[in-house]
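> Take a look at this one; I'll ask things after.
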Amino acid sequence: MKTDAAVQKSTESKKKNSFKRSSRQRAKASLFAQGEPMIWLTGGGLVVSLMMIAGLMTLIVINGINTLWPKPVDLFVTYDNKPYMGEITRVEHFNPAKSELHQHQEKVNSDAVAYFEKHNGIAKRMLVRTGNFDLSGEHYNWVNEYDVREHTTPEQACVVERTSWGRFYGFPSAFLYNGEVIAQDDNQIWETFNKHHKEVRKRWRTQRKLETHEIGKINFYEEKERLKLREKELKFGIESEQWNTQNDHFKSFHARSQSAYEDIRTEINSLKEENDKYKIRFTTADNKEKIIPLADIVRMYPANSLTFFDRMNIYLSRWHEFLFDEPREANSEGGVFPAIFGTVVMTVIMSLAVVPFGVMAALYLREYAKGGLVVSTIRISINNLAGVPSIVFGVFGLGFFCYMVGASIDDIFFAARLPNPTFGKGGILWASMTLALMTLPVVIVATEEALSAVPNSMREGSYACGAGKWQTIWRIVLPRAMPGIMTGMILAMARGAGEVAPLMLVGAVKLAPELPVDGMFPFVHLERSFMHLGFHIYDLGFQSQNSEAAKPMVFTTTLLLITIVFILNMLAVKLRRKLRKKFVSAKF
Amino acid sequence: MKNKPGLRKGNFFESIAKGERIVTETHAEINNEDITLDVKEFNLFYGAKQALFDINIKIPKGKVTSLIGPSGCGKSTLLRSVNRINDLLSIVRIEGNMYLNDDPIYDPAVDVIELRKRMGMVFQKPNPFPMTIFENVVYPLRIDGERNKNVLAEVCEKSLRGAALWEEVKDRLNDSALAISGGQQQRLCIARAIAAEPEVLLMDEPCSALDPIATNKIEDLIDAMRGEYTILMVTHNMQQAARTSDYTAFMYLGRLIEYGPTGTIFQAPHCQETSDYVTGRFG
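Quick note, the sequences are listed as chains H and D, same order. Using UniProt numbering, the first residue of the first sequence is number 1, and each one after it goes up by one. Using UniProt numbering, the first residue of the second sequence is number 1, and each one after it goes up by one.
Right under this line is the structure:
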């Protein structure tokens, strides 16, 4: 580079001496010939795209990471003696209406007037998460700064995350056992809370497990028996010999499961009874009393007297809950485990479906089909398929997979359950199939590229050894093309995992407590609806009743989805690197 | 009358330009040999374009035969017609026939795959398969369904020894074949080609992608294989043909001009054109 530039300079200066004008033209031409402006242009393009991606990622990461960090609790008392206690979630500056100002002047509120004069009529207001929805009917309240008479951060203020009604903010006043006060002093209450909370929650979880899993299991198997009976009825008619045998069997089964059910109910009741003894009484900032059963409290902490270590602890425990628990409070609290599980299972099934089909199609197109009008038409159509809006695939999936294929499967295999559909509705299998169809072009195109990159000399070498066409493809071409096929799979996975629109039609739902894989025979239930992180994001952001509380979770969930896609991709990239090392190398 | 002592009368180049039929000048020594491969009146067309014209050549058993000639003269095409690799191109059409030990090669009844198993081929650029050295060598047996480990190991060692590669790779048979040097890769390809004990070994410019030292080794190897294998080799390098082969055939513009013992072809060819080519006057 240096020598080039030097040579150029010397020729330029030589030219300058003899022909001034033409030398200038030469200099201009050589600037473009060197490509200096093009370097800036292309580099600029790169910088702009990188900045947009980096900005988006930063926004998601910062918001996603911050959401679960425990914030302090503030207590605001306004001039009209209304207390607002909670966490500040948002701060805004606004220009209050004139009438608002007059109101304050009429009240001769000198502090407020001074405030307006000081801030040139611009006021600050805070969105305070006051919680206590069961008492006040509000989750959030706007508090204008000029209305605030007193702002404190009370030491004893306590944040309670509970299983229903949203968060609670208050001061613990007593710990009740069997209706009797056993602790009143603040320290004592915390001590008793820490002593009993774990076991109570453990009982609560056992109870929940019994309610959902064990009773669910009984219902599941009883439903199976009932279907068997119904099958006999459809096949042989009611009161037939076979039906009668089955009916007797069903009756005895029913009696057995009924008694099992009773046993479980008793167990649940005893657990409930034990848990009902523990309660905490709170006083809210506006002096109302509220008694909350200990079993309903997921987490409770004195937000204003936490050390950094305590906060870290709460933060991590919230992440743990977020990753491994089921959602509660209309998805705005709790975890997203079913959504994570659904996303991963769906992506895996989709990959398992799309890769073999895509590879087979590409193999035929590249290795067997003779070039011509038909093949190029097919190729163009495949490429165009990649541009079809994903919602169209959703509609197709609903019509074809759910209503045609699924309904036929129901007619043949699950006739006893009709009119309730089994496969004839949205489910994880149909969602995976729909996405597989959608990502098929990606895999076909990538595989074709990979196949055409396999040197012909290798094919010829194999033929010369007496190998047939398929032997050559199977033993030489496919292994060699594997890394390229993996690239296609990675692209398909990334596209499929992040897709939402078609899923809304073919099986993703707001809440699906039953996972597609569980302990009940046949263990994999591909007909079930499922939760999906992408759909969860949409649901939180736009469908939630308590949207203020859900909004921060949007970022956290997005961060999680991106992380999962990233992890899946990294796994595939690692596999690809391994394959590439094995099958492709630079020669000489 | 002869133009020069020992040179045949007539001008092939003129005849070719006129489109006349060329009769190959085949030396009498060939008739004393056992013939492995017999090409009879062979014509080959790429679509409308004819690439080979009336080729008649007998490849003697256990000898090394070189095909020489300028670029585009059809020597590779002829070689690739022997194991019908050219068939893979749908535009190829042929006339005439070839016989491998009296079995016709071009015949509707012939199973091409079985036919190819009777020949080995070494290509211009080393083309080891993306698998281990061991698997590369035993590939012809694998596709035949051979599973016996002892048989495979035996064949592998024998072939690698036959290709003078055994000492260099015996400790890393399970390494990737793509990791060894270019010259070793080419000898590996030779080992693969002889693994199934072919009746004829076809070599398409086997040294053109190699450095001089690797070329030397391959030439030594070809020399060592003389007698045991029937080798038909295409080469660009006339010195190589002179050094390694027993018989040499000179091709020009799709015609076989002259075919005879290497010594005669290079020192006292019967045709003026051959003489011009081997002395470097054209080509």
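Note that beta-carbon positions come from the ideal geometry of N, C-alpha and C, so glycine has one too.
Checking contacts by CB at 9 Å: is residue 578/H closer than that to chain D?
Not one chain D Cβ lies under 9 Å of residue 578/H.
> Would you mind working out which of 557/H, 552/H, 562/H and 570/H sits nearest residue 70/H, comparing C-alpha positions?
It is 552/H whose Cα lies nearest to the Cα of residue 70/H.
> Taking the continuous alpha helix (DSSP H) assigned at residue 348/H, which residues delimit it?
Residue 348/H -> alpha helix (DSSP H) spans 337-363.
> Is there contact here, the region 73-91 of chain H with the region 35-51 of chain H, by at least three beta-carbon pairs under 8 Å?
Touching, no.
> Could you give the C-beta distance for residue 480/H and residue 458/H, rounded to a whole number, given that I count them as a contact under 8 Å?
Correct: roughly 7 Å between the Cβ atoms.
> Exposed or buried, which one is residue 380/H when buried takes at least 16 other CB atoms within 10 Å?
Exposed: under 16 other Cβ atoms inside 10 Å.
> According to the Cβ coordinates, are residue 346/H and residue 435/H closer than 9 Å?
Yes; because the gap between Cβ atoms is below 9 Å, this pair is in contact.
> Sort 95/H, 141/H, 450/H and 112/H by Cα distance to residue 677/H and report the nearest one.
Outside the shown range of chain H (1 to 588) lies residue 677/H, about which nothing can therefore be said.
> Does the beta carbon of residue 631/H sit closer than 9 Å to a beta carbon anywhere in chain D?
Residue numbering for chain H in the displayed model covers 1 to 588; residue 631/H lies beyond these limits and cannot be assessed.
> Please decide whether residue 366/H counts as near chain D, where near means a Cβ-Cβ distance under 9 Å.
Chain D, which has no Cβ nearer than 9 Å to the Cβ of residue 366/H, makes this no.
> I want to see whether chain D comes within less than 9 Å of residue 467/H, judged by CB atoms only; does it?
With 9 Å as the cut-off, residue 467/H counts as an interface residue toward chain D.
> Would residue 359/H and residue 487/H qualify as a contact pair, given that the criterion is a beta-carbon distance under 9 Å?
Not a contact, by the Cβ cut-off of 9 Å.
> Alpha carbon to alpha carbon, what distance is there between residue 334/H and residue 321/H?
Roughly 6 Å separates the two Cα atoms.
> Using a beta-carbon distance cut-off of less than 9 Å, what residues from the region 115-131 of chain D approach chain H?
Answer set for the region 115-131 of chain D: 115, 116, 117, 118, 119, 120, 121, 122, 123, 124, 125, 126, 127, 128, 129, 130 and 131.
> Along the region 66-83 of chain D, what residues have a CB closer than 8 Å to any CB found in chain H?
The residues in question are 83.
> In chain order, what are the residue ranges of uninterrupted alpha helix (DSSP H) at least 4 long that sit wholly in the region 8-83 of chain D?
12-18 and 75-82, all fully within the region 8-83 of chain D.
> Between the alpha carbons of residue 120/D and residue 101/D, how many angstroms are there, rounded?
Cα to Cα, residue 120/D sits roughly 15 Å from residue 101/D.
> Checking the sheet assignment: what are the DSSP bridge partners for residue 278/H?
DSSP output for residue 278/H lists 177/H as bridge partner(s).
> Which residues in chain D sit within 8 Å of residue 476/H, going by Cβ to Cβ distance?
129 and 130, listed in chain order.
> Are the C-beta atoms of residue 107/D and some chain H residue less than 9 Å apart?
No, no contact with chain H.
> Below 8 Å, how does it come out for the region 228-241 of chain D and the region 189-204 of chain D: are there three or more Cβ pairs, yes or no?
Yes: at least three Cβ pairs fall under 8 Å.
> Count the CB pairs spanning the region 144-159 of chain H and the region 169-179 of chain H that are closer than 8 Å, and state whether there are at least three.
With the cut-off at 8 Å, the region 144-159 of chain H and the region 169-179 of chain H touch.
> So is residue 76/H buried or exposed if we call it buried at 16+ other beta carbons inside 10 Å?
So residue 76/H ends up on the buried side.
> Taking 6 Å as the limit between beta carbons, can you name the residues of its chain near residue 193/H, skipping five residues before and five after?
Hits under 6 Å: none found.
> Tell me, please, whether the region 211-221 of chain D touches the region 44-51 of chain D by the rule of three or more beta-carbon pairs shorter than 8 Å.
As far as the Cβ criterion goes, the region 211-221 of chain D does not touch the region 44-51 of chain D, which means the pair count is below three.
> Determine whether the Cβ of residue 269/D lies closer than 9 Å to any Cβ atom of chain H.
No, residue 269/D lies away from the interface with chain H (no Cβ there is under 9 Å from its Cβ).
> Between the Cα of residue 19/D and the Cα atoms of 143/D, 239/D, 54/D and 32/D, which residue gives the shortest distance?
That would be 54/D, whose Cα lies nearest to the Cα of residue 19/D.
> Measure the alpha-carbon distance for residue 258/H versus residue 207/H and round it to whole angstroms.
Roughly 18 Å separates the two Cα atoms.
> Spell out the partners DSSP gives residue 103/D in its beta bridges.
For residue 103/D, which the question treats as bridged, DSSP gives the partners 100/D.
> Using a beta-carbon distance cut-off of less than 9 Å, what residues from the region 549-582 of chain H approach chain D?
Those residues of the region 549-582 of chain H that come within reach of chain D (Cβ to Cβ, closer than 9 Å) are 581 and 582.
> Cα separation between residue 554/H and residue 528/H?
Approximately 25 Å, taken between the alpha carbons.
> Could you give the distance in angstroms between the alpha-carbon of residue 367/H and the alpha-carbon of residue 453/H?
Computed Cα separation, rounded: 12 Å.
> When the Cβ atoms of the region 13-31 of chain D are set against those of the region 250-261 of chain D, are three or more pairs found closer than 8 Å?
A contact exists between the region 13-31 of chain D and the region 250-261 of chain D.
> Would DSSP call residue 256/D helix, strand or coil?
In this structure, residue 256/D counts as strand in the three-state DSSP scheme.
> Output, in sequence order along the chain, the residues in the region 83-95 of chain D whose CB is closer than 8 Å to any CB in chain H.
Hits within the stretch, in order: 83, 85, 88 and 90.
> Does residue 15/H have its Cβ less than 9 Å from a Cβ in chain D?
Because the pLDDT of residue 15/H is 48, which lies under 50, any placement of that residue in the model is unreliable, and the number read from its coordinates should be weighed accordingly. Chain D contact via Cβ: absent.
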